[in-house]
Amino acid sequence: MDESALNRKMLNITAYASQYCEAVENAREMEKDEFVIRMTELLPQIYGEFAGLSPEDVGVLDYGYYQTYVDEQWYDTIRRNVETLLGPDDVFLETFEEDMKYSDTPIAASIAESLADIFQALYNFIMVVKETDGQELAGAYVECRENFASYWSQTLCNVLRALNHLRFNQ
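See below:
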């Protein structure tokens, strides 16, 4: 990938991550339908951007350690705000849970908790970029991309399914 295309891709990733974090942070001021529509628009874009660019494309192998900006209290505030907005629609059945193989009963998951998990990863990414004036964009991307591949990509897919249901089947 040439440098111009790589820079454009990295800017897109940063923009989508920023838009997502802003929407989740402002969930309390949004109507439920508006929030669900916004999430179903942003999540596929975020998935596509993170899945479409490998760490090798970026060229950073050793990126170091980055600070975590979302503490437990803020995470819980974000989760509660979304949970309050969605009310009883916050719960969905999780079919990809490992324990589901051994369970006779369905396993419930929370849209709010899933969105807060994604928020935590993306907000940490954005803050590294912001605090370093973009100088650590590639390294922050690689760290976030590795977390995406190992953890929150499946969370994103699962919660998108639940949000899609809310958007089109209510």
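Going by the working numbering, the sequence shown opens with residue 1269, and the numbers climb by one from there.
From the three backbone atoms N, C-alpha and C, an ideal C-beta is built for every residue, glycine too.
None of the values given here were measured: they were computed from a predicted structure.
**Q.** Range of the contiguous alpha helix (DSSP H) that encloses VAL1304
**A.** Where VAL1304 is concerned, the enclosing alpha helix (DSSP H) stretches over 1300–1319.
Q) Could you give the residue range of the alpha helix (DSSP H) that holds SER1382? A) It spans 1379–1399 - the alpha helix (DSSP H) in which SER1382 sits, taken as one unbroken run.
Q) Which word fits SER1322, buried or exposed, when buried means at least 16 other C-beta atoms lie within 10 angstroms of its C-beta? A) Exposed.
**Q.** Residue(s) in a DSSP beta bridge with PHE1416
**A.** Beta-bridge pairing links PHE1416 to no other residue.
Q) Taking the C-alpha atoms as reference points, what is the distance between SER1382 and GLU1399? A) So the alpha carbons of these two residues sit roughly 26 Å apart.
(Q) For GLN1482 and ALA1319, I'd like the C-alpha separation in whole angstroms. (A) The question about residue 1482 has no answer here: the residues shown for the chain are numbered 1269 through 1438.
Q | Nearest residue (CA-CA) to LEU1424, options VAL1410, ILE1346 and LEU1310 | A | It is LEU1310 whose Cα lies nearest to the Cα of LEU1424.
**Q.** Alpha-carbon to alpha-carbon, GLY1355 and SER1272
**A.** Looking at the two C-alpha atoms, the distance is approximately 44 Å.
Q: Determine the direct distance from the alpha carbon of GLN1287 to that of LEU1405, and round the result to whole angstroms.
A: Roughly 17 Å separates the two Cα atoms.
(Q) My output table needs one value for VAL1359: the three-state DSSP class, helix, strand or coil. (A) Here VAL1359 carries a strand assignment [DSSP, helix/strand/coil].
Q) Nearest-angstrom Cα distance between ASP1385 and ASP1270? A) Distance between the alpha carbons of ASP1385 and ASP1270: 32 Å.
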